[in-house]
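A.B. asks:
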Amino acid sequence: MTPGDDTPAGRNPPWSRDELILALSLYIAHRPRLPSKGGPEVTALSKVLNRLHRAGGEEGRPDLRNPAGCYMKLQNFRRFDPDYTAEGKKGLKAGNKEEGPVWDTFAADPARLHATAKAIEAAIMGNEGPSLPAPDPGEDDPMEAEAPEGRVLTRLHRFRERSRKLVEQRKAAALKAGKGLACEACGFDFGARYGQRGAGFIECHHTRPVHTLRPGETTRLSDLALLCANCHRMIHSARPWLTVEELRGALLPVQLTEPNGAQGLR
Numbered sequence: 001m002t003p004g005d006d007t008p009a010g011r012n013p014p015w016s017r018d019e020l021i022l023a024l025s026l027y028i029a030h031r032p033r034l035p036s037k038g039g040p041e042v043t044a045l046s047k048v049l050n051r052l053h054r055a056g057g058e059e060g061r062p063d064l065r066n067p068a069g070c071y072m073k074l075q076n077f078r079r080f081d082p083d084y085t086a087e088g089k090k091g092l093k094a095g096n097k098e099e100g101p102v103w104d105t106f107a108a109d110p111a112r113l114h115a116t117a118k119a120i121e122a123a124i125m126g127n128e129g130p131s132l133p134a135p136d137p138g139e140d141d142p143m144e145a146e147a148p149e150g151r152v153l154t155r156l157h158r159f160r161e162r163s164r165k166l167v168e169q170r171k172a173a174a175l176k177a178g179k180g181l182a183c184e185a186c187g188f189d190f191g192a193r194y195g196q197r198g199a200g201f202i203e204c205h206h207t208r209p210v211h212t213l214r215p216g217e218t219t220r221l222s223d224l225a226l227l228c229a230n231c232h233r234m235i236h237s238a239r240p241w242l243t244v245e246e247l248r249g250a251l252l253p254v255q256l257t258e259p260n261g262a263q264g265l266r
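full-length UniProt numbering numbers the first residue of the sequence shown as 1 and each following residue consecutively.
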């Protein structure tokens with residue numbers, strides 16, 4: 001059993017997707033040879049992972065993500081590495097259920113992997129204590145999938161798109177340009193449908209790739225798309241998240257029934 005991998009009483013929590021991305025970045029950077037167990041690279045990974053927990057306001061045991069456990073996690077990734085298994089080797093099997101999905105998402109795209117790892121590090125390196133935005137109430141909503149890049153960058157994404165100030169500025173810019181507040185994916189307009197009760201109602205979606213986000217960076221209004229609640233929920237409903245363009249292209253004609261019984265396609 002990998003140190004720090006299980007959760008019975010008194011044990012450390014399972015490795016998160018964020019942690020696995022950071023570990024895989026180190027693995028891919030040194031592939032096919034791994035850094036030594038007591039080497040500076042593994043020690044540095046251990047320190048970053050422990051800072052990740054502190055940044056989220058979590059407290060762990062003194063041996064949380066120690067270098068030995070980090071080194072064994074690198075060994076776990078070997079079982080997914082075709083260059084390693086082609087030699088008849090197997091790697092460590094006892095690991096985390098997220099290791100395979102993280103490998104499948106990032107191993108073939110080192111540039112995205114390393115950019116994501118650097119973005120996570122940048123988000124947690126502010127100080128020694130909690131440095132991330134407070135968790136969003138919907139963070140653990142089973143109907144909203146965490147981004148492939150992990151919880152830290154998902155939290156930054158949601159923090160930006162749910163900033164009341166930014167949302168109001170984006171809506172004002174659309175109205176000033178004479179574009180109205182219709183959903184940019186399906187065209188739904190709350191004001192047109194619900195009258196005065198729906199006037200001015202619309203949500204915002206941050207469109208930049210999650211791995212490009214940096215803490216403290218100014219969000220441009222052009223980074224925000226206006227979406228109805230349904231379309232916004234659909235973008236976040238599964239991995240990988242869809243772009244607005246992809247969601248727009250996935251829309252199907254819908255048969256609507258009006259209150260008077262009339263029907264029509266939309």
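All C-beta atoms, glycine included, are put in the ideal place defined by N, C-alpha and C. Here the structure is a predicted model, which is why all the values come from computation and not from measurement.
Straight-line CA distance for Phe159 to Leu224?
C.D. replies: Answer to the nearest angstrom: the Cα atoms are 12 Å apart.
A.B. asks: Excluding the 5 residues flanking Glu161 on each side, which residues of the same chain have their C-beta closer than 6 Å to its C-beta?
C.D. replies: These residues qualify, in order along the chain: Cys204, His205 and His206.
A.B. asks: What are the boundary residues of the beta strand (DSSP E) that includes Cys204?
C.D. replies: Per DSSP, Cys204 belongs to the beta strand (DSSP E) from Glu203 to His206.
A.B. asks: Taking the CB atoms as reference points, tell me whether Pro35 and Asp83 lie closer together than 7 Å.
C.D. replies: No; because the gap between Cβ atoms is not below 7 Å, this pair is not in contact.
A.B. asks: Please report the residue range of the alpha helix (DSSP H) in which Ala225 lies.
C.D. replies: Per DSSP, Ala225 belongs to no alpha helix (DSSP H); it is in the beta strand (DSSP E), Leu224 to Leu227.
A.B. asks: Taking the alpha helix (DSSP H) that Phe188 belongs to, which residues open and close that run?
C.D. replies: Unbroken run through Phe188: none, as it is neither H nor E.
A.B. asks: For Pro67 and Gly38, which I take to be in contact (beta-carbon distance under 8 Å), what is that distance rounded to the nearest angstrom?
C.D. replies: Correct: roughly 7 Å between the Cβ atoms.
A.B. asks: Note down the Cα distance separating Leu181 from Glu87, rounded to an integer number of angstroms.
C.D. replies: Answer to the nearest angstrom: the Cα atoms are 58 Å apart.
A.B. asks: How should Lys176 be labelled, buried or exposed, when 16 other C-beta atoms within 10 angstroms of its C-beta is the threshold for buried?
C.D. replies: Exposed, by the Cβ-count rule.
A.B. asks: Which of helix, strand or coil does DSSP assign to Gly241?
C.D. replies: Residue identity check: residue 241 is Trp in the sequence provided, not Gly. Looking at Trp241 - three-state DSSP - the assignment turns out to be coil, as it is neither helix nor strand.
A.B. asks: Have a look at His232, Glu19 and Pro253 and flag the residue whose alpha-carbon is nearest the alpha-carbon of Thr243.
C.D. replies: Closest by alpha carbon: His232.
A.B. asks: How far does the alpha helix (DSSP H) with Trp103 in it extend, from its first residue to its last?
C.D. replies: Its alpha helix (DSSP H) spans residues Glu99 to Phe106.
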